[in-house]
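In what follows, a structure is listed as structure tokens, so that the remarks can point back to it.
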Amino acid sequence: MTNQEGERVLVNLNLAGEISVEEIPLTKAFSEGDLIGIQVKQGSTYYAYGLFDNPSNISLYLNHGKRYSFECSLVKNGKTTIINTLGGLERLIVGTQTWCTLGSGYALPFIRGPQGTSGYVQTSSGKWNYAAKANLTPITNEFIYTSDSYFNRLQYGQVTNGQSSRYSNAVVYYGEASDVLAGNSISIPIDMRNCSFGIATSISGITDGDVTVTIQNSLQTFLTNSNITQDTQFETTIWSFYDLRSAWQYANNYTENFTVGVIWNRVVGVTQDLGTKTVQFKRNAVNRVNINLGASTKSANIAINVEEPEIINEAYTFGN
18 MTNQEGERVL
28 VNLNLAGEIS
38 VEEIPLTKAF
48 SEGDLIGIQV
58 KQGSTYYAYG
68 LFDNPSNISL
78 YLNHGKRYSF
88 ECSLVKNGKT
98 TIINTLGGLE
108 RLIVGTQTWC
118 TLGSGYALPF
128 IRGPQGTSGY
138 VQTSSGKWNY
148 AAKANLTPIT
158 NEFIYTSDSY
168 FNRLQYGQVT
178 NGQSSRYSNA
188 VVYYGEASDV
198 LAGNSISIPI
208 DMRNCSFGIA
218 TSISGITDGD
228 VTVTIQNSLQ
238 TFLTNSNITQ
248 DTQFETTIWS
258 FYDLRSAWQY
268 ANNYTENFTV
278 GVIWNRVVGV
288 TQDLGTKTVQ
298 FKRNAVNRVN
308 INLGASTKSA
318 NIAINVEEPE
328 IINEAYTFGN
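Residues in the sequence shown are numbered consecutively from 18, following this note's numbering.
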């Protein structure tokens, strides 16, 4: 039987691309504690949203003959990584920011618009601070059909985990499906990509004194270690890109530029700024930065190289 235009049809959403319900070389697609936020639009109008911790049966009703777009963000270990008010908190402290919370649920990237107006919130010490109000989202495991409330931060990798930064210590997948005609098909794939990257840094060749190493870009510092006195392999850290949509759109060759800086404090009382080098960090890869120092007591040179990146796997997943 063929559906008529305007009749509601039930469809299933399948997470495809670099994530699926089966185990693939990259990682297990979904594990307990992960969170998936999905926003649906009918044309340019917000249609439905949902926050899921169970991806086995993500389905919703669409109007036959209408066109839809889907936006999805999956945060690995989101239940423990993302700050929430499930314990009854009335305010969130995010870095140096204080948020008044509207409702109970999870914060970025799963806050919803339209944003609440700003207001005053009382801190634990009794002081009143001016703060933004955030519409938090509880786990629904079903779609909420509304145009009045919607996810509007899914395309950003800013995960509220106690830091106030654009890049977050989190593994985040992002995906879209656009211009989907609601017809007789019962399954709609959403192409998901891992929009995270890893940094693994090592330094060798320190003969005296101590060394300071920094890795940063124009927005944030990702590594700063000082007083390094011996060859060191730093712990691998995983970060989500801030612009998830660009990382997804140009997934095959997406990179961003970062700078590596080295300062050497020598025992002879001389501080040598060995300068900076621009390196490219690749999406969905652990980017290994090897810093090799060669020196006499009066001069030094530096060699920084980035190895061919390794695909992120379970060993580098951030969180519990």
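All C-beta atoms, glycine included, are put in the ideal place defined by N, C-alpha and C.
Point to revise | Completely contained beta strand (DSSP E) runs for the stretch 218-282, where each covers 3 or more residues | key: 227-233, 238-245, 254-257, 272-282
Check your understanding: Span of the alpha helix (DSSP H) holding residue 97?
Key -> 95-98
Exercise for review: Kindly confirm or deny that the stretch 208-223 and the stretch 251-259 touch, where touching means at least three C-beta pairs closer than 8 Å.
Suggested key: yes
Exercise for review: Please name the residue, chosen from 61, 81, 71, 311, that lies closest to residue 28 on a Cα-to-Cα basis.
Suggested key: 81
Check your understanding: Rounded to whole angstroms, how far is the Cβ of residue 90 from the Cβ of residue 189, which I believe are closer than 8 Å?
Key -> 6 Å
**Study point:** Coarse secondary structure for residue 29, derived from DSSP in three states
**Key:** strand
**Study point:** residue 54 to residue 261 span [Cα, whole Å]
**Key:** 14 Å
Check your understanding: In angstroms, rounded to a whole number, what distance separates the CA positions of residue 195 and residue 226?
Key -> 57 Å
Review point. Assuming residue 271 and residue 305 make a contact with CB atoms under 8 Å, what is their CB distance in whole Å?
Key: Not quite, the Cβ-Cβ distance comes to about 18 Å (not below 8 Å), so this is no contact.
Practice item. Would you kindly work out how many angstroms separate the C-alpha atoms of residue 24 and residue 277, rounded to a whole number? Key: 58 Å
Review point. Contact check, residue 170 vs residue 152 under 8 Å by CB: the rounded distance?
Key: That pair is no contact at about 11 Å.
**Study point:** Classification of residue 191 by the beta-carbon crowding that lies within 10 angstroms, buried from 16 upward
**Key:** buried
Exercise for review: May I have the straight-line CA-CA distance separating residue 233 from residue 168, to the nearest angstrom?
Suggested key: 30 Å
Check your understanding: Considering only C-alpha positions, which residue in the set 288, 230, 92 is nearest to residue 49?
Key -> 92
Review point. Residue 281 and residue 228 look like a contact to me (Cβ under 8 Å); what is the Cβ gap, rounded to whole Å?
Key: 5 Å
Point to revise | Per-residue DSSP class, three states only, for residue 152 | key: strand
Review point. What is the residue span of the beta strand (DSSP E) that residue 206 lies within?
Key: 204-211
Point to revise | Closest Cα partner of residue 310 within the set 249, 71, 286 | key: 249
Check your understanding: Candidates 94, 78, 65: which alpha carbon is nearest residue 71's?
Key -> 94
Check your understanding: How about residue 193 and residue 205: do their beta carbons lie closer than 8 Å?
Key -> no
Review point. First and last residue of the beta strand (DSSP E) that includes residue 69?
Key: 62-69
Exercise for review: Can you say whether residue 102 is buried or exposed, counting buried as having 16 or more other CB atoms within 10 angstroms of its CB?
Suggested key: buried
Review point. Which residues bound the beta strand (DSSP E) around residue 84?
Key: 84-92
Exercise for review: Have a look at residue 198 and residue 77 and give me their C-alpha separation to the nearest angstrom.
Suggested key: 14 Å
Point to revise | residue 131 in three-state terms, based on DSSP | key: strand
Review point. Quick one: Cα of residue 239 to Cα of residue 203, how far?
Key: 44 Å
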